[in-house]
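The first sequence runs 1 to 800 under the working numbering. Notes follow the structure.
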Amino acid sequence: MVAPMNQTDNSPDPHDGPIPDDLAHQPSSSSLSARARAAVAPQLAYLNGLNLEQRAAVEATEGPVLVLAGAGTGKTRVLTTRIAHLIATGKAWPSQILAVTFTNKAAREMRERIGRTIGDVAEGMQWLGTFHSIGTKILRRHAELVGLRSDFTILGTDDQLRLMKQVIEAEGIDEKRWPARQLAGLIDSWKNRGLGPDQVAAGEAGAFANGRGGRLYRAYQDRLKVLNAVDFGDLLLECLRLWREHPDILEQYQERFRYMLVDEYQDTNVAQYLWLRLLAQKRKNLCCVGDDDQSIYGWRGAEVDNILRFEHDFPGATVIRLERNYRSTGHILSAASVLIAKNQGRLGKTLRTEDEPGEKVTITGAWDSEDEARLIGEEIETLHAGRHSLSEIAILVRISAQMREIEDRLVQLGVPYRVIGGPRFYERAEIRDALAYLRVVNQPADDLAFERIVNVPKRGLGDATIQVLHNHARAARVPLMEAARFLVETDELKPKPRATLRDLLISFSRWSKLSETLSQSEVAQTVLEESGYTDMWQKEKSADAAGRLENLKELVRSMEEFPDLQSFLEHVSLVMEANESDTSERVSLMTLHAAKGLEFDTVFLPGWEEGLFPNQRALDESGRAGLEEERRLAHVGLTRARRRAKIYFASNRRIHGLWNSTVPSRFIDDLPEANVEIVEAPANFSYGGYGGGSRFDRMQPFSGSSYQTPGWQRAQAHRAGTDDGGYSARRSGDRRGPLMIEGELVAKSTGSSGFAVGGRVLHSKFGPGTVEAVDGNKLTVEFDKAGRKMVLDSFVEALR
DNA sequence: CGATGCTCCGTTTTT
DNA sequence: CGGAGCATCG
């Protein structure tokens, strides 16, 4: 549901707006009233129940403070109590506290919890929000100073991409060769690092489109300005520019924000770091809360370094460690701690608990991914039969592709589940379309929105017509809408599109007029109906059409909560989320990333295999840093569990349609033997699966040695060769695929396969078969029992 | 202009 | 294997 709006700023507040001159009346920390209030503080109820470290983190109000809060150590509690404390002791008004989070969800939760602690005062916290919503608020006030109007539009990723495509084509570059997606990624990474078009290193900018990357970046920014639009990155970058070019304005904010708090500091990128540093320069009352061991967003620009270097960047900083875990039982916590201790780049914390040891972390080997899903399904059924609540069970996967097989299994068993994550409400096509209509009604010059819906639903205004519109718009330097108005009066368009376009223009004028008298939700309703948009989905017979119509209804309904269309559009571009307040009895299925911040009694962790987790791509792209981030992900996964953590790996997994034999994750070796229990997979009926006795308890799991040792490789060969019911799957001497040692690429051998068409081969899963075709290292084999499959040659053995 | 084949590609995801 | 996005045909 749509959260109540606190993003826009229509609540008058005496402490808001251009430098309030009542700042002088603020109780300074030494004033009598402040001291009197401070004297009461120790008795304040909110401090009760905090442990020593937590309390220290709450009370260390002055100067830079870094709170290293391990998983489950009461981070949010400290943050909210600290804010309550600042307010209750009179150190600052709610409006003088800047509290930044990453997600809207976190912001909302914090606001609620502060409200619960100290009551309505939390309403006055107009500077509690995400980096982006706060950036927006600041930018709207000073938009003209950075070349924008205060009603600028915030572009979503789809608009961004469309714009970049246009920019690339306008430069005469082949978009197929140099895709907009790639440019978007590049520009995004520059913005993450706080780099404007002038600051990108020439070499780096040159990497795209034969040296034209920088030019494209600039052209893109220029286009944004013309459209009076910004993208997400700009919400921070333009603040930086504003403050650097107008120190007086920076000073206003430095004055205003007496205390600053940042949640999830380990996730900040360079731009966000610079943003914070500028603001904190004066008063230096910056409190960052985070956990370097939970930094899992490096791939999208987060800099673990920000948290690692905090003491260096903010001299004299107080560092407080929260190490007492209130979530997990002993074995789980020890396992997670020992695992994460293998990382080099960390500040180091030792989580401890006073809880009982509880159950050991289990490790179960499955024959293949299907088997793995089956084992998990069975375990869930057993737990459920033992009255374990399904909503206290989560399955955490590394990549979403793992979900399908698990879902299939759960469906088959009739276990209700929900997938967390996935496409956001406002990212859905129907929502973006509806919004585009409203944007055009609200702002006819919004070319991107106009272009998006001009032919949705299909009205016969295709590429040809759009091209003519574009040409005119560019030549006359007017928005598309205006170009259209001109063109319908001429003969340049064919009669049919011309008439259609004219009708559309008339409709838009009518809707705009309507919006002067009707409420915005009524306008929306009318627009969606009269444009034929709802009709389009009603006629659509596909399975999700009904859901889309439901989403549209939800959109219209939610609009009623806003004073005007403008503020609604603002909300939606930054904040709007899907309705996730479903508390029904279901197992949760999500990626490890999506699980951060959540906790469950029982957590299933499938797919702990080399290549999948740690993910090969992370290793290839980021080497050791990538490996460490993967390990942090493993740590996050384990620490989500309160009472039970169950790790699985499969010996065979299908990747891109081909079966690959896999090796258990090195993270399994990172776990301490004392806290782990190897669980024998029950005998199963898989073809060639574990038929008899134990296998992987013999794989010397906790020697701490690398899987690359000869002993390990022998163990592997032995395992595959003797324990699979007779079908030997020994990998041939030349081991294909990259070998990784601690994230460093050691060898990558490609080489054509020695198999010939017509030859007989034996595969570990499919048994004997005849080679039908050879394509590099891929073989098409007609298997005697399993039929025709494409397999990698390294998984079959030639038969004579 | 629109529907159907075809090729290509294949983490993680928030704002 | 399966989806998305594109190109070609009708």
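Virtual Cβ for every residue (Gly too), placed ideally from N, Cα, C. Given the structure is predicted, the values throughout are model-derived calculations rather than measurements.
Query	Result
Reduced DSSP category for Trp367 - H, G, I as helix; E, B as strand; rest coil	strand
Residue nearest to Gly607 in terms of C-alpha spacing, selected from Glu405, Glu621, Leu514, Arg474	Glu405
Per-residue DSSP class, three states only, for Ala445	coil
Backbone CA spacing between Arg653 and Glu370 [nearest angstrom]	8 Å
Rounded Cβ spacing between Val468 and Leu487 (contact assumed at less than 8 Å)	7 Å
Between the CA atoms of Val361 and Ile395 - distance to the nearest angstrom	15 Å
Option in Ala773, Leu762, Pro768 with minimal Cα separation from Ala756	Ala773
Sequence-distant residues of its chain with Cβ nearer than 8 Å to Thr534 (five each side left out)	Leu528, Leu549, Leu552
9 Å Cβ cutoff met for Ser509 and Ile453	no
Three-state secondary structure (DSSP) of Trp93	coil
Proximity below 9 Å, CB of Ala167 to CB of Ala229	Reading off the sequence shown, one finds Val at residue 167, where the question assumed Ala. Not closer than 9 Å, so no.
Per-residue burial, Gln344 [other beta carbons within 10 Å of its own, 16 or more giving buried]	exposed
Gln281, buried or exposed, once every other Cβ within 10 Å from all chains shown has been counted against 16	exposed
Environment of Pro42 [buried if 16+ CB atoms lie within 10 Å]	Caution is warranted here: a pLDDT of 49 is assigned to Pro42, below 50, making its placement in the model unreliable, and the coordinate value is therefore given only provisionally. Its Cβ having fewer than 16 others within 10 Å, Pro42 is exposed.
Cα-Cα separation, Ser95 to Thr89	15 Å
Assumed close pair Gly301, Asn210 - CB separation to whole angstroms, cut-off 8 Å	Going by Cβ atoms, the distance from Gly301 to Asn210 rounds to 25 Å, so no, they are not a contact pair.
Assigned secondary structure, Cys567 (DSSP; H/G/I helix, E/B strand, else coil)	Sequence check: residue 567 is Ser here, not Cys. DSSP places Ser567 in helix when its eight states are reduced to three.
Test item: CB-CB of Asp263 and Leu79 under 9 Å	yes
Minimum C-alpha distance to Tyr297 - residue among Glu680, Val761, Gly626, Trp659	Gly626
Residue closest to Ser515, alpha-carbon to alpha-carbon, out of Leu44, Arg498, Asp564, Arg644	Asp564
Rounded separation between Ile363 and Asn660 - CA only	21 Å
Straight-line Cα distance separating Thr153 from Glu136	According to the sequence displayed, residue 136 carries Thr and not Glu. Between Thr136 and Thr153, the C-alpha separation is close to 10 Å.
Distance, Glu629 Cα to Val338 Cα	15 Å
Burial state of Glu372, where buried means 16 or more other Cβ atoms lie within 10 Å	buried
Cβ-heavy atom distance, Ser337 to the ligand NAP, below 8 Å	In the structure on display, the ligand NAP does not appear, and there are no ligands present to speak of.
Outcome for Thr101 when other beta-carbon atoms lying within 10 angstroms are tallied against a minimum of 16	buried
Own chain residues within Cβ distance below 7 Å of Ala798, not counting five before or after	Phe755, Gly759, Val761
Cβ neighbours of Ala180 in the same chain (closer than 7 Å, five flanking residues each side left out)	Leu161, Met164, Lys165, Ile168
Proximity of Leu279 and Gln254 at Cβ, strictly below 9 Å	yes
Identity of the residues DSSP links to Asn660 by a beta bridge	Arg653
Cβ-Cβ distance between Leu390 and Leu569 below 9 Å	no
Under the three-state DSSP convention, the category Thr750 falls into	Residue confidence is low: Thr750 scores 30 on pLDDT, short of 50, so the model does not pin down where it sits. Its coordinate-derived value is still stated next. DSSP places Thr750 in coil when its eight states are reduced to three.
Extent of the continuous beta strand (DSSP E) to which Ser588 belongs	587-591
Residues that DSSP places opposite Phe604 in a beta bridge	Ile395, Lys646
Burial state of Arg731, where buried means 16 or more other Cβ atoms lie within 10 Å	Residue placement at Arg731 is poorly supported in this model, since its pLDDT is 27, which falls under 50; the coordinates are not used for a value here.
When Glu673, Ile97, Leu605 are compared against Ile393, the one with the closest alpha-carbon	Leu605
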